[in-house]
Each structure stands twice: as structure tokens, then as C-alpha cells.
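Protein chains in written order, with UniProt numbering: chain Z, 1 to 423; chain C, 1 to 423. First up is the structure itself, then whatever we jot down about it.
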């Protein structure tokens, strides 16, 4: 299963001050009610930028969406409050400890394999847990008729938070399990800056450690005693597998279909975060409409992320991408920029069908891409989905709770960080 | 994960007439209250016997256990009623269709990979589903105060049966998932008489198909809306992984420890069937004591099976074993016969520690085994566990229902078939 270039990279890239707009306008508004004008700047080639510099590029377009008029200019104090990662930093730290405790296994070798990516320094930036914890707060509602003392309310809130935290842990376990199997499938030798588990401990142990994490995730899920949530996250595993298989085995028509690409992208990248967000709403006892908005946020954020990732695979450099750029096309994976380019230049299809084992074919495809609006349209589509994600948060039932409002702003911040990243 | 030489072979081997005792006595009774005397015959070398002959060897010892005085001689009519597999043949056939329907996937390649071992002719003999369906009937209780019409009772019974049937399907999916990953880990090229999935469709698809089956099993589990059952079967997956890892990575002391071997055998072979049996009891709303007896039955049957399998790996032939005999020792896996032999001949440990890459070492170890009572003591231990499994069934709350009694007899039959098989 799994998606090779995970969402986890984003959090590493997205920390730091946020300049520019809160909601990016796109230039392809005809079919997208949320897209206003084509003023979003390309992040450009960021080869000179230092990996992990945690800074966004400046010069981003001004805010066009009327619903988020707050904090249009960088303000260190307010921005600090909004930083999505620092809002949940304490809980993320607890989560790291809990994850390490959860994967303790009877057999030392299995334990060390399972905790390989939960160890200090290589646990990734926990992008998914951050979203899930923020979503938990964003959906928090005061109990309307609290007991005479506030004790019961406090107990219920704590209990709910602990269950939602468990979803964050489960999501991270499923994600890492998928990374482990993915690296076996791709024969990858590095991950998160260290040797991949398959490279260090062999394919067998990587497959077993992935299975182990999945079974631990399932045991943890069962402990939540909510079968709808179990079903939701089991379906995610199925989606990860389906997405990976869709990518592995395509017909020529499928490879050249934007619809197929978007479906695969949902399965491989967006399903885990969208369904985890929905699970948070279900555990909170929210109405179906709220659960759907939580789902929509995760889905659109995931899609926006992947679309930008696909852009950066072309525009970035191996340093800023964390792996060789052009890695998709070199692995024969056709992504949105090339699919859009093909709409303008149908002859590109013949080049794509010729495969990319021959470097000359790669160069030819890149020529077509350069002449086309493929990169730009992909970025616009990413902006569309980022806006849809933000719109889902805007549509949540109103709340006067300051913490709730702050978490919602942080979730919207994330949508913008996703599309303004340059690496 | 998974156990290479699955329990599934047993049902293929165990069909046919049953001669001899219902409860086998063992010669090592000191520590085992159920073991009476050492009269059980070795099945001997069965190389001349035709694969799938479905016949047991004759000359088995007469019945010593007082609790099962029925049908001591082969009687075609009564035996037919008792044949465990024909008792549930109709349901097994439905189950095969349902399994094929359950693994339909959006991506054709994934669907064909997932259903590879559910196709007609290669679906195995469904040993586990047989036990689970028999256990479902064996635990059936009449509702004490039925409604004025019998309609409600009938609806409840049908509903329960359908949920229990779902456990049979889930168990089979987990089992096949484990086989798929196992074959990848072992680089196996055949399974069930055809090319292994990894051999035919590649390692990637085999890993993905295994993950897919696990996720479908989890979705099906969630649909039962019983989180204790979800937890039970998720733990099984963890056990399969743990057992496989225990086998892969052992210290010298662990390899030479009978306790370690039995623990690994429980994880790899007995956990799935014991926990499935327990799940059947939980779904049926039985008391903890009954659930424990169901668990004990599965656990001891699984252990007896594996111990006999380990014997047959030495005494059988490649034809009767379905794969090359001596496969364990050739793969460096030390099993019960060798562990018992080592108790008699401590020098054998040095040979074992020397590894079995050198054929001379294999021959030397076999010499020690031949001189020892290793094979006999392993068979005795298998008999002990078979008897414990039968005793668990005997300890179930009494029932006057003929169907219940017949299923219980069939479950006891299975314990005997497990230890009397010769291939």
C-alpha cells in the first residue's frame, strides 16, 4: 500500500511565519465557484533554499475571499497563536511517547522495527495528528445543560479528547504502516533522512512491522468501541491499497485520464486524513452534516497537498523535494501537470505512451509541459481544493469559544500553507 | 506473517472413514492427566500412499477414554453423519461464494489477486470455517422463553448464524492474507498446487492483496458491531506477525527452548482458530466459561495439528506432505522432535547451532533424532493436546439437542483425525 511522497513532509515545510493571503484565488474560476482570479504566484524554483528552512516565499497574492479578513499581514504575536503546530505541540509530544509505548512488542526485533519511525528525530512532523487534534478542538461544543457542578462536563470532555487523541495515534500508525510497505514495494533505501526499514532490517521485517502496526491500530480502534469508526478506518487501509494498485497497473486510457488520477490521489493521499477527520466528528457525537464537513476538509486538503506535490516534482529540486525531482515521470507516473498539458497538446500522449525509460522521451514531455499551462492549471486546481477545505471549516456551526475559533483559523491556515509551500 | 504449512491441508487429508479410537492415549502420562498409556501407533512412512486418498491408516489403538464410547467401529451410516465436513458442506459452499463476492475490488488486478485463493478448486478445504460452523452449532442454545409464535426465535437464530458465518469468512480472509504475505517472505513459488500469488503476479501485488484482505476482514468485523470480537481478531493478526518474527529471529537459547517453540506455535498456528472459536461464543452471548472452553478447543486443536505437522515433516515424504519433507530443518527451523531429541542427547545442540546449510549437519541431526524418542514424544504431546481439545467440548453445558450433540461429536472427531493423519 501507500503513497510514496507522504503528506508528512508538509509540516516540516510549513512551519514558520505566514505571509500573504489566507485564501488563494485561482485563475480558472469558470467551473469553480470559489476561484476568483489568477493572481497566485508560482513558488518558483526553490533550489537555492535550504531544506528545512521553514520559511514561505514572500510576494503571495492578497486576500480575495471575503470570509477571512483576519491577519492579512504578518504579525508575530497573532501568527504565533495561529501556528497550527504550536497550538497542539504539547499533545503532539505526548502522542509521540504514547506511540512508542503502543508498539512495544514481545519480540525485541519486531518492537524495534515497529518503532523505527516513531523514534525521536525521525518521527516526521505529524502533520496528520496535528490536523486531527485541531479538528477535535474545532468541533468542540459546550455541553448545553451541564451538571450542577462542572465536574461531569470536565470528565466527559477529557474522555472525548482522549478518544480523539487515540484517532490521531491510530492514523499515524496506519500512515507509518503504509510507508513501511510502500518502501518495500518501491525498493526504497531512504526515508525521513535515514535508511528505510527494508534497507536496514530487510524486506521481511518491514512487511511484518507494517502488518504489526496495522493490527495494533485495529486493536486500538476496537478499544474505542465505535464500530462506525472502525469501519471508516478499515476502509482507509483498503483505499491505500486500491490507490497503490491503481498506480501500479493502469491501461493507457487510465494513465491519461484526469478522473482516474484524481480518484487514485484521493485513495492514496486524501482518504486517510478525510476519514480520520470524519471519525473525530463521529466520536464527538456530531450530526452527519458536521461529520461531512470534517470529511470535506480532510479530503480537499489532501488533494490540494498532492496536487502541489505533483507541481513541485517538476518545479522543485532534489534538495527541496527531499528526493530527486522529476521522480514521478522517471517512474512512469503521469500526474496532473502532464495531464493538463496533454489537453493542450494531444501529441504529448504518444510521448507518454512511449514510456520514460528513454531520457529523450522525458525531455520531450518536459518540453511540452513547459509550453503548456499544465503547471499553472495544476496549481489552480490545488488552490480550488484548498479553498474548498477552508469553506468546509467556514460552514461549521458557529461557535463563540475562543479556542474553537483559534483551531478553526489554524485549520484554514494549513490550507494556505499547503499551496504556498515551495518544497 | 503466517504459517507456511497451514492447517488447511488437514481437511484435505482428514476426509474419509475413521477407524480406531476416538480419544488417543499417550504414554507420557505423569504430567498430563489425560494421557493414559503409550499405545498410539506411529502413522509410519506414508510415501506409498496416494496424495488425497483421504484414508486413514488402520491399526489404531482402541478407545481408552471413558467419555466417548460411541461408534468405535467404522459404520458408514453413522460415520457419514459424523463427518465434520459433510455436516457443514452446504454452508461451506455458500461461504465460498460469499468470499468471492467479498473480495471484489474496484481495480481488476487487485480483485483477481485477492480472490486468487478463493477460486473454485484452489480455495483449500476450509478447515477453519468448518470448525467455526461446527462450533456455532455446538454452542447453540434454545431460547428459554420463546415468543408465543416461534418466529422471533427463528429470526434471532438465523441472525446469529449469519453473524457466526461472517466470523468464518473473516477467519478465512485473515488466513489467506497471512498465506499471501508468508509466501512473499519465504519466496515460495507454489501454494495449494498452483503458482503462489507472488510467483504469478509479483511480490508487490501479493503484499497489496494481503493488505487488502486484512482491510476487508476488518470492515466485515466492524459490521458485526461487537468490539470485543474486533479486538480478538485484530490480536490474532498481531499474533501471526509475532509468531513469524519469533521464528525469523531467535537467539540460540530460544531456538533450543521448548517453551519458546510452543509459544511461537500458538501464535503462528493456534491463535487464529482459538480466538475465532471464542468469537463464536461471544457472538452467541455465552458466559465467559463457555467462551474459554471454545478457546481451549481451538488452541489445543491447533497445537496438536502443528505438532503432528512437525512429526510429518520428518516422517512423511514430499508427496504426502505436499512439499519437500525435512523442510523445517533445511530452513533452519528447529521443531519439537528435535527439541525432545536434544533433551536425550545434549550434544545435538552443537549440531543445531552449527546450522543446516551443510547437508552433513542435517544428516547428523537426523541420526540423533533417529536414536531418540523425539518423534514419539512429539506425537504424545500432540495426543495430549488433542485430548485437551476434546475435553473442552465434553465440558460444555449439556444439551439434548441432536444437532448440537452431532456437532460436538464432529468437533471431537476432528481432534482424533488431526493426530491420526499420515500426511
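From the three backbone atoms N, C-alpha and C, an ideal C-beta is built for every residue, glycine too. Predicted, not measured: the structure shown is a model, and the values here were computed from it.
Our two residues, residue 420 of chain Z and residue 387 of chain Z, have alpha carbons roughly 13 Å apart in a direct line. The alpha-carbon separation between residue 168 of chain C and residue 133 of chain C amounts to approximately 7 Å. No residue range can be given for residue 333 of chain Z, since it is assigned to no alpha helix (DSSP H) and is classified by DSSP as neither H nor E.
Here DSSP, grouped into helix, strand and coil, assigns residue 191 of chain C to strand. Within the region 263 to 287 of chain Z, the complete alpha helix (DSSP H) segments of 4 residues or longer fall at 271 to 283, listed in chain order.
Using a Cβ-Cβ cut-off of 7 Å, residue 216 of chain C is close to 238 of chain Z, given in chain order. Taking a contact as a CB-CB distance under 8 Å, the pair residue 266 of chain C and residue 389 of chain C does not count as one, their CB atoms being some 13 Å apart. Cβ-Cβ distances below 6 Å link residue 279 of chain C to 167, 229, 232 in the same chain, with the five nearest sequence neighbours on each side left out; the list follows chain order. Comparing alpha-carbon positions, the option among C:211, C:337, C:334, C:174 lying closest to residue 275 of chain C turns out to be C:174.
Residues 160, 163, 164, 167, 224, 226, 229 of the same chain have their beta carbon placed closer than 8 Å to that of residue 283 of chain C, with the five preceding and five following residues left out of the count. Residue environment: residue 209 of chain C is assigned as buried (16 or more neighbouring CB atoms within 10 Å of its CB, all protein chains considered).
In its chain, beyond the 5 residues on either side, 256, 342 have a beta carbon closer than 7 Å to the beta carbon of residue 349 of chain Z.
Of the candidates Z:171, Z:353, Z:155, Z:171 places its Cα closest to the Cα of residue 96 of chain Z. Residue burial annotation: residue 372 of chain C is buried, with at least 16 other C-beta atoms found within 10 angstroms of its C-beta. Residue 225 of chain C reaches chain Z at 227, counting residues in chain order whose Cβ is nearer than 8 Å. Along the region 217 to 265 of chain C, the alpha helix (DSSP H) occurs as fully enclosed runs of 4 or more residues at 227 to 248, 252 to 255, 258 to 265, listed in sequence order.
Cβ contact annotation for residue 100 of chain C (same chain, cutoff 8 Å, sequence separation greater than five): 115, 118, 119, in chain order.
For residue 368 of chain Z, the uninterrupted alpha helix (DSSP H) run begins and ends at 359 to 371, by DSSP. Look at the region 161 to 183 of chain Z: the residues with a C-beta under 7 Å from a C-beta of chain C are 181. Contact annotation: in the region 243 to 257 of chain Z, residues whose CB is within less than 8 Å of a CB in chain C are 244, 245, 246, 248, 249. Taking all protein chains shown into account, residue 313 of chain Z has 16 or more neighbouring C-beta atoms within 10 Å of its C-beta and is therefore buried. Judged by beta-carbon spacing, residue 238 of chain Z lies within the 9 Å limit of residue 215 of chain C, meaning their Cβ atoms are closer than that value. Beta-carbon to beta-carbon, residue 354 of chain C and residue 361 of chain C are separated by about 5 Å, close enough to satisfy the 8 Å threshold. Residue 220 of chain C and residue 235 of chain Z have their C-alpha atoms roughly 10 Å apart. When the Cα atoms are used, residue 357 of chain C and residue 412 of chain C turn out to be separated by approximately 41 Å. With its beta carbon at least 9 Å from every one in chain C, residue 299 of chain Z lies outside the interface. The Cβ of residue 334 of chain C sits no closer than 9 Å to any Cβ of chain Z. Of the candidates Z:198, Z:392, Z:385, Z:261, the residue whose Cα lies closest to the Cα of residue 290 of chain Z is Z:392. Residue state for residue 133 of chain C is assigned as helix, using DSSP reduced to three classes. By the criterion of a C-beta distance shorter than 7 Å, residue 378 of chain C is surrounded in its chain by 307, 310, 311, 336, 337, 340, once the five residues flanking it on both sides are discounted. Proximity of residue 210 of chain Z to chain C, defined by a Cβ-Cβ separation below 9 Å, is satisfied. Between residue 316 of chain C and residue 344 of chain C, the C-beta gap is not smaller than 9 Å, which leaves the two residues out of contact.
Boundaries of the alpha helix (DSSP H) harbouring residue 408 of chain Z: 402 to 420, taken from the DSSP string. Within chain C, the C-beta atoms nearer than 7 Å to that of residue 204 of chain Z come from 185, 248, in chain order. Relative to residue 240 of chain C, the option among Z:105, Z:201, Z:408 whose CA is nearest is Z:105.
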